[in-house]
Structure formats: structure tokens, C-alpha cells
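Asks:
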Amino acid sequence: MTQEFVKFGKREITTDEPFASGHRGCIGCGEALAVRLAMKALGRDVAIANATGCIEIISSPLPDTSWEVPWIHTLFENTAAVASGIESGYKMLMKKGRIPQKHIDVIAIAGDGATADIGIQALSGALERGHDFVYLCFDNEAYMNTGIQRSSSTPYGASTTTAPAGKVITVGQQTQKKNMPAIAVAHNIPYVATASPSYPFDLMEKVKKAADVKGPAYVHILSVCDTGWRIPTNMSVTIGRMAVQTGMFPLYEVENGKYKLNVDKELKPVEEYLKKQGRYRHLSDDEIQKIQEHVTQEYAKLKQLATS
Amino acid sequence: MAKKVGMEGSLAVSEAVKLANTDVVAAYPITPQTHIVESLAEMVANGDLDAEYIPVESEHSAMSACLGSSAVGARTFTATAGQGLELMHEVLYVASSMRLPIVMAVANRALSSPLSVWGDHSDVMAVRDCGWIQVFAENAQEAHDLVLWAFRVGEDTNVLFPVMVNIDGFNLSHVTEPLLLMEQADVDKYLPVNKYPLPLHPDKPVTMGAFGPPFIYTEAKKAQEVAFQNTKETILKGWDEFEKVFGRRYSPIETYQADDAETLLLTMGSLSETASLAVDNMREQGKKVGLVKIRLWRPFPFEEFRKTVKNANVLVVLDRCLSFGGPGGPVASEVRSALYDQANRPKVVSLIGGLGGRDVTPQNFEYMVDRGLEIAEKGSDSEYEMIGVRK
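Keeping their order, the protein sequence lines are chains A and B.
Per our numbering, the first sequence starts with residue 1, numbered consecutively.
Per our numbering, the second sequence starts with residue 1001, numbered consecutively.
(1) Quick one: does TYR143 of chain A have its CB under 8 Å from some CB of chain B?
(2) What's the call for PRO1114 of chain B, buried or exposed, on a 16-neighbour Cβ count within 10 Å?
(3) Quick check on DSSP: helix, strand or coil for GLN1229 of chain B?
(4) What is the residue span of the alpha helix (DSSP H) that CYS1066 of chain B lies within?
(5) How many angstroms separate the CA atom of THR1361 of chain B from the CA atom of THR161 of chain A?
(6) Strictly below 7 Å CB to CB, what residues from chain B border ALA49 of chain A?
(7) Would you kindly work out how many angstroms separate the C-alpha atoms of THR1076 of chain B and PRO1101 of chain B, rounded to a whole number?
(8) Quick one: using the 10 Å Cβ neighbour count with 16 as the cut-off for buried, is ARG1249 of chain B buried or exposed?
(9) Quick check on LEU1200 of chain B - is its C-beta less than 8 Å from some C-beta in chain A?
(10) Quick check on DSSP: helix, strand or coil for ASP1168 of chain B?
(11) Have a look at LYS93 of chain A and GLU4 of chain A and give me their C-alpha separation to the nearest angstrom.
(12) Count the other CB atoms, across all protein chains shown, that sit within 10 Å of the CB of SER1337 of chain B; report buried if there are 16 or more and exposed otherwise.
(13) What does a CB cutoff of less than 6 Å around TYR1196 of chain B pick up in its chain, not counting 5 residues either side in sequence?
(14) Round the Cβ separation of TYR199 of chain A and LEU251 of chain A to the nearest angstrom and send it over; I've been treating them as touching at under 8 Å.
(15) Excluding five sequence neighbours on each side, which residues of the same chain lie with their C-beta closer than 6 Å to the C-beta of ALA1016 of chain B?
(16) Mind checking if ALA1074 of chain B is an interface residue toward chain A, Cβ cutoff 8 Å exclusive?
(17) If I measure Cβ to Cβ from HIS1089 of chain B and keep anything under 7 Å in the same chain, skipping five residues before and after, which residues do I get?
(18) From the beta carbon of PRO61 of chain A, is the nearest beta carbon of chain B less than 8 Å away?
(19) Could you tell me whether the segment 233 to 248 of chain A touches the segment 281 to 289 of chain A, where touching means 3 or more Cβ pairs closer than 8 Å?
(20) Over what stretch of residues does the beta strand (DSSP E) that includes PHE138 of chain A continue unbroken?
(21) Is any beta-carbon of chain A found at less than 8 Å from that of GLN1114 of chain B?
(22) Within a Cβ cutoff of 7 Å, which residues of the same chain sit near ALA306 of chain A, ignoring the five residues on either side of it in sequence?
(23) Could you give the C-beta distance for ARG1295 of chain B and ILE1253 of chain B, rounded to a whole number, given that I count them as a contact under 8 Å?
(24) So LYS1347 of chain B packs on VAL1369 of chain B, CB below 8 Å; how close in whole Å?
(25) Where ALA184 of chain A and TYR218 of chain A are concerned, what is the direct C-alpha to C-alpha distance, given to the nearest angstrom?
(26) Could you check what DSSP says for ASP199 of chain A in three-state terms: helix, strand or coil?
(27) Run through DSSP, which three-state label would GLY111 of chain A get?
(28) I need the straight-line Cα distance from VAL254 of chain A to ILE109 of chain A, nearest angstrom please.
(29) Under 8 Å, do SER88 of chain A and VAL1024 of chain B count as touching if we go by C-beta distance?
(30) Taking 8 Å as the cut-off, decide whether the C-beta atoms of GLU1059 of chain B and SER1272 of chain B are in contact.
(31) How would you write the range of the alpha helix (DSSP H) that ALA1330 of chain B sits in, first residue to last?
(32) If I measure Cβ to Cβ from GLY157 of chain A and keep anything under 7 Å in the same chain, skipping five residues before and after, which residues do I get?
(33) Between which two residues does the alpha helix (DSSP H) harbouring ASN1364 of chain B extend?
(34) Taking Cβ positions only, does THR1031 of chain B come closer than 8 Å to chain A?
(35) Which residues in chain A have a C-beta closer than 7 Å to the C-beta of ALA1026 of chain B? List them in chain order.
(36) For LEU1265 of chain B and ASN1230 of chain B, I'd like the C-alpha separation in whole angstroms.
Encoded structure:
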């Protein structure tokens, strides 16, 4: 039974913190906030496979740990495969009576590089095989842990250290952000959603729903990175909200192939969002216009999916 | 009574995995390992083996899924070969460093390019230092036995390391041989239930795979090294117990006609049987030749090895792997290094052959002995020689 965090948010949210404070995240880290909320929604009967990346690094320097739940990190690109093994192992050990019957949510956690780039094969394999697990992609739109290098999830026009805005190539990232939720949907899995910690109850509801469905679920969470996006440290939540309000990162879910927009108001101009971030400061009005056109077009497509 | 059957080497491996009541198999098909995973999938499909079979999308994911299932305490098996082992490379180090007792059969295969599905030892030599216990089987019976032994040793709480059982691609994986199938009752006597001490479970949460800053990484590696060195005792005990239950004896170093030999051949894997034929021929000719076989490759049995070869004059090592521009084949380099400080030691000659499925005949071994003696006496222009190369 899904708790209705959106309706009864304050009453439903636990004070328990399976993801403990004291980690080494940057001030204002949107990803740490997202992980904290996700863990509140999931509770403690979980086993987590975490890919190499920001969250892994900030939460687990030997001999410390921020994890009060079972947690394993092995490598960068294999998290979905590790989760497959965990799920299969539990299943068989319970079947053979070697551990007590108990529902344990198997959760894979990875950044956008570990998901959209290096780990996409392992993710696709695990989704296709139908393991009962949740894959949470915390998307901060670049390889932030190694110092803001572009990934295939970096949006068009963002300047990163490996796709910088230069004198000849002035735009920064020259390609459009890879549509990972659509790729997840293409695997015909029961649940796919996008979420943002700027909409905490919506995020928690989706993560809980993802854990409750039988079979694979994928939640793509925009995790504002004030270090990499070049914004003040008190702006993560605001910027995250603007990403949704401008249609740069729409909030929607896809249950058994059926799309539903969760926040659907008239879009604000993307310029408001772009102008607040250092990573976009080089953009000309023409480029901003180009981004606006793309966002409008993509949002229309999404709306059509949601109404059909 | 154990049943005597004719069985392919691959199936001998699968039968052992079944008898071990393995919980999870995660595998990806690659020649010449395919018969192992096909037969396991069939056993699962027919209900003969109660296991989860994860048909992963790559070898990298095969070993990664093994990490997950082993970490929750499930008995875990996979098999691979050649390119597949190389694709697993980084994951192998994680398995050993995180002390996950996965068992893997490797149907040893050459490495591309050119593509070759046929046998040699290039694959396993490239992962020599990955921290796994590594053994070589000589025939189907040994493959069958060593897989069971691998579970027992790897999962022992004094060990907790992954174990790799090497069987030569095709020569062993695809050849049908007579063997004694182990009885389930004996297996149950020999192999206890896997009790991983700190599995991932919500009832007692653990953090596995935390990262190691410079102030602690060295100590973590030292701890791993000490633990790995300490596996030797359990390895030997595992073979002692095996003999008690099944009546077959295994040792880290095994020999044939070696006691009074002046010249020793050194092999690993299935070629040992061929080499022993050559030894018989040469003995008939009055040549004092013997054979040394390395069964336990990691941890390397220095003491046993030194003792075995110390009275010989010449040790001719056949490597089935090249170390381009290096000091010789990987095995030859290793044994040279093992003998360097010894007062009594044979001259070590490094020969390389049997690459990419090239047959090595008893005649080839006789040539190796002759050529080895020649090199030992007169020296050579190069550090190693390849044998059987067509001009």
C-alpha cells in the first residue's frame, strides 16, 4: 500500500534517517537531499547497490559510513548487474529456507554517467530480465565527482570541463540530453518516473511506488549540483523547482506504459532557469531561443503521450 | 559406490556445480565454455538444480551479478573463457578484495587478435595477480573434483576468497573421458552449507565496498595479502579431506618420474598427460627425464616447488602464453624468480608453444627436452623461444 506523501506529507514522513547525516557532500548538494528523501520513503528493509560516483564517495570513506542499511559498492558500470545478483540470491536463499522469508527491496543507485553512459548495458540487461528491483538514477547532468565532465545526460548548451564553451565551439555541450526515462520505458517495465527533491512528497511517493511494484522500476531524479551548475549554495531547491516549471525537466510517471504528467502548469520561459546558472552564462539569445524551441517541442510530445 | 561414466569435461564441471547445490549461476555464453553454462541452464530448467540462473548480457555483468549474490551469502558459480575473462578483469579484483567466495571455471582460451576460440593460457595469465585462488585441472575427473573442492575452500571462513578452476579449452572442455561421478551423500559430507559471516541483510546492516583513502588503503591490502597467504592451510586440508571422502589425492605440485630426473619438463593443465607420454618414451631411451605439474598456481607453492626441482639440472618450462618483450613465458619467469636465491637449482629454459589451440605432441615434448638441454649448455640469443612455428 502506497503511502500518500503528497496528500498527507507532514504526517506520513518518518523522522528515521537510514541515510545518516555527516556525509561529505558539498554544501547545498541536491543529490544528497534526494537520496535522503528516497531513503525515508524506502525505510530499512532494503539492500542497496551503489555505483561509483558522488553519493558513493561522499557516504563511504573507510572507516566511516552514512548507511544504516545494507549497502554495497563495487564498480562504476555494473550496479544494475550487482542488484540482479542480490535479488536472485535473496530469492533462492529464502526459497531454500536458509534465511527467513521477508520482503527486501533491492535498490540500485547510480549517477547519470553510471546510468546513461558506462552502465547503460548492465541497466538494460537487468531491466530486460525483469528482476524485482528499483533503479534510482540521481542525475546531476555531468560527471561531477571527477570534476564536471560532460555525460550524455548533460543538456545542450551547458558548459562542462570536457565540453567547454570555447572561442570556436561556443555553445558548450553540442548534443541534446539523452532521454533515459524513455529508454527505460522501452523495456516495457511496470514503472518509470521522473522526480526532483524540490518536490519532496512527489519524489517520496514515486520511490515508494517503484519499490512496491513487482518487477523492475526506474526513477530518474534530477539532482541539482550547485558546484557543477555554478549556482549559489542556497539555490539548489529553487533551481530544481525551476527546472520543472520551465519544462526543462518535467515530472511524470509511466505506469504499465501509461504516461501521466504530475506537474502540468503553463511553462515559464527557460531563460529564467538558464540565466541563473553559471554553466549557461555563455549562451547567446539565439542559443537560448533554440533551447526554448526544443523544450516546447519535447513538452508537447510528452503531453500528447500523457493525454493519449 | 561412485558411478563410472563417460563424460565431457564441461559436463563434469556442471555436475559438480549441481552436486554442490549451488544457489546462483550468472553466466554469459562464450566458446569453449558454452557447454558448462548450457548444461547448467538445462539442469535449472528441468528442476535438477534448484538455482537462480541469471542470463546476463555480458561477462562483466556475469561477474558483477556474482558479487551481488555472493555478498548476500548465496553459493555462486560462473564460467567463462578468453575474451570473457578479460572483460571481467576489473570485477575479478573486486571479488577477491571484498572476500566473496565465488567459484568460476575458466575454459582457457587464446586472446584476440586474430580471433581464436581455441585453447591456450593467455586469458588466465592476464589475470594472474587478481587475488583469486587459481588451480589447473589435467583431465575431466580433476575438473569435476576441483570444482567441488573450490566451493569448500573458498567458502571456508578461514579463506573467503574466490576460486578459479582452469580447464583447457576444447582439450578438456570438449573431450569425453571416463570419470567417477561423486555421490550426493559424499558431497554432503564434504561440503558444508555456505555460511558467509557478514552477508548483506537488513537485520544486520553492513557497508561493503567503502572507498579507501591513502591512510588506510595500504593496510587494507596488507590485510588481504596476509589472509591470502593464510589460505594455504585450508587449501591443503581441503585436499586431505577430499582424499578421505573420495579417495583421490591432490597436491599443489605433482610429479611424474621426477625423483631421479636430471631434466624436468614443467607443464600446467591438460598437456601434462601428453608430456607424461613423452617422459615414458624418453625413459625407454634411457634419458633421465621427469615431469613437474603445477596444480596450485595461486597462492604459488614456493616451498613444495623448490623441493621438487632442486636436484634437477635443467627445468624446461612450456608456457602457453607470450609475454611480449618480457623475460620469458609467465610461468617460466615465475619459477626462475622462485629459484633465484636457491643454492641448488636447475637452469630454467623458457619455451612457448601450444598457442591458440596448436597441438603439442609427445614428439614436441621430446624436442623441448633436447632443445632445453642444448640451451642450458650453450646458451641462447633470446630469453625464450617459441616452438612449433612454421617457417
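Note that CB positions come from ideal geometry on N, CA and C, so glycine has one too.
Replies: Checking against the coordinates, here is how it stands:
(1) Residue mapping note: residue 143 of chain A aligns to position 143 of the first sequence, counting from 1. No, no contact with chain B.
(2) Position 114 of the second sequence holds residue 1114 of chain B. Answer is exposed; the Cβ neighbour count stays below 16.
(3) By 1-based counting over the second sequence, the position of residue 1229 of chain B is 229. In the structure shown, GLN1229 of chain B falls within a helical segment according to DSSP collapsed to helix, strand and coil.
(4) Position 66 of the second sequence, counting from 1, holds the residue named residue 1066 of chain B. Note, CYS1066 of chain B: alpha helix (DSSP H), 1059 to 1071.
(5) Locating residue 1361 of chain B in the second sequence gives position 361, counting from the first residue. Locating residue 161 of chain A in the first sequence gives position 161, counting from the first residue. Roughly 58 Å between the two C-alpha positions.
(6) Your numbering for residue 49 of chain A matches position 49 in the first sequence. Near ALA49 of chain A (Cβ distances below 7 Å), the residues of chain B are GLY1068.
(7) Within the second sequence, residue 1076 of chain B is the residue found at index 76, counting from 1. Within the second sequence, residue 1101 of chain B is the residue found at index 101, counting from 1. Going from the Cα of THR1076 of chain B to the Cα of PRO1101 of chain B covers about 8 Å.
(8) Within the second sequence, numbered from 1, the residue matching residue 1249 of chain B stands at position 249. Only exposed fits ARG1249 of chain B, as fewer than 16 other CB atoms lie within 10 angstroms of its CB.
(9) In the second sequence, counting from the first residue as 1, residue 1200 of chain B sits at position 200. Answer yes: the Cβ-Cβ gap between LEU1200 of chain B and chain A drops below 8 Å somewhere.
(10) The sequence position of residue 1168 of chain B within the second sequence is 168, counting from 1. It is a strand residue.
(11) Translated into positions along the first sequence, residue 93 of chain A becomes position 93. Translated into positions along the first sequence, residue 4 of chain A becomes position 4. With the sequence shown as reference, residue 93 of chain A is identified as Leu, and Lys is not the correct amino acid for it. In a straight line, the C-alpha of LEU93 of chain A is about 33 Å away from that of GLU4 of chain A.
(12) Position 337 of the second sequence, counting from 1, holds the residue named residue 1337 of chain B. Exposed: under 16 other Cβ atoms inside 10 Å.
(13) Your numbering for residue 1196 of chain B matches position 196 in the second sequence. Excluding positions up to five away in sequence, the list reads GLY1073.
(14) Taking the first sequence and counting its residues from 1, the one referred to as residue 199 of chain A is at position 199. Taking the first sequence and counting its residues from 1, the one referred to as residue 251 of chain A is at position 251. 6 Å between Cβ atoms; contact.
(15) Taking the second sequence and counting its residues from 1, the one referred to as residue 1016 of chain B is at position 16. These residues qualify, in order along the chain: HIS1144, VAL1147 and LEU1148.
(16) Against the second sequence, residue 1074 of chain B aligns to sequence position 74. With 8 Å as the cut-off, ALA1074 of chain B counts as an interface residue toward chain A.
(17) The residue labelled residue 1089 of chain B in the question sits at position 89 within the second sequence. Contacts found: VAL1127.
(18) On the first sequence, residue 61 of chain A is found 61 positions in, with the first residue counted as 1. Interface residue, yes.
(19) no
(20) Along the first sequence, read from residue 1 onward, the residue named residue 138 of chain A stands at position 138. First-last of the beta strand (DSSP E) with PHE138 of chain A: 134 to 139.
(21) Numbered from 1 along the second sequence, position 114 holds the residue referred to as residue 1114 of chain B. Per the sequence shown, the amino acid found at residue 1114 of chain B is Pro instead of Gln. No, no contact with chain A.
(22) As a working mapping, residue 306 of chain A is identified with position 306 in the first sequence. Cβ within range, chain order: TYR252, TYR259, LYS260 and LEU261.
(23) To locate residue 1295 of chain B, count along the second sequence from 1; it is residue 295. To locate residue 1253 of chain B, count along the second sequence from 1; it is residue 253. Right, the Cβ-Cβ distance comes to about 7 Å (below 8 Å), so this counts as a contact.
(24) As a first step, residue 1347 of chain B is located in the second sequence; it is residue number 347 there, counting from the start. As a first step, residue 1369 of chain B is located in the second sequence; it is residue number 369 there, counting from the start. With a Cβ gap of about 13 Å, LYS1347 of chain B and VAL1369 of chain B do not count as contacting.
(25) The residue given as residue 184 of chain A occupies position 184 in the first sequence. The residue given as residue 218 of chain A occupies position 218 in the first sequence. Distance from the CA atom of ALA184 of chain A to the CA atom of TYR218 of chain A, rounded to whole angstroms, is 7 Å.
(26) Stepping through the first sequence from its first residue, residue 199 of chain A is reached at position 199. In the sequence on display, residue 199 of chain A carries Tyr and not Asp. Reduced to three states, the DSSP call for TYR199 of chain A is coil.
(27) Taking the first sequence and counting its residues from 1, one reaches residue 111 of chain A at position 111. Judged by DSSP in its simplified three-state form, GLY111 of chain A adopts strand.
(28) As a working mapping, residue 254 of chain A is identified with position 254 in the first sequence. As a working mapping, residue 109 of chain A is identified with position 109 in the first sequence. VAL254 of chain A and ILE109 of chain A: Cα-Cα distance of roughly 20 Å.
(29) Along the first sequence, one-based indexing puts residue 88 of chain A at 88. Along the second sequence, one-based indexing puts residue 1024 of chain B at 24. Closer than 8 Å, so yes.
(30) Taking the first residue of the second sequence as 1, we reach residue 1059 of chain B at position 59. Taking the first residue of the second sequence as 1, we reach residue 1272 of chain B at position 272. Cβ atoms of GLU1059 of chain B and SER1272 of chain B: not closer than 8 Å.
(31) Here residue 1330 of chain B corresponds to residue number 330 of the second sequence, with the count starting at 1. Correcting the residue type first, residue 1330 of chain B is Pro in the shown sequence and not Ala. First-last of the alpha helix (DSSP H) with PRO1330 of chain B: 1330 to 1339.
(32) In the first sequence, counting from the first residue as 1, residue 157 of chain A sits at position 157. Same-chain partners within the cutoff: VAL171, GLY172, GLN173, TYR280, LEU283, GLU287 and ILE291.
(33) Residue 1364 of chain B sits at position 364 when you count from the first residue of the second sequence. Where ASN1364 of chain B is concerned, the enclosing alpha helix (DSSP H) stretches over 1362 to 1378.
(34) If you number the second sequence from 1, residue 1031 of chain B lands on position 31. THR1031 of chain B does not count as touching chain A.
(35) Stepping through the second sequence from its first residue, residue 1026 of chain B is reached at position 26. Result: GLY85.
(36) One-based indexing of the second sequence puts residue 1265 of chain B at position 265. One-based indexing of the second sequence puts residue 1230 of chain B at position 230. Each residue's Cα considered, the two are about 29 Å apart.
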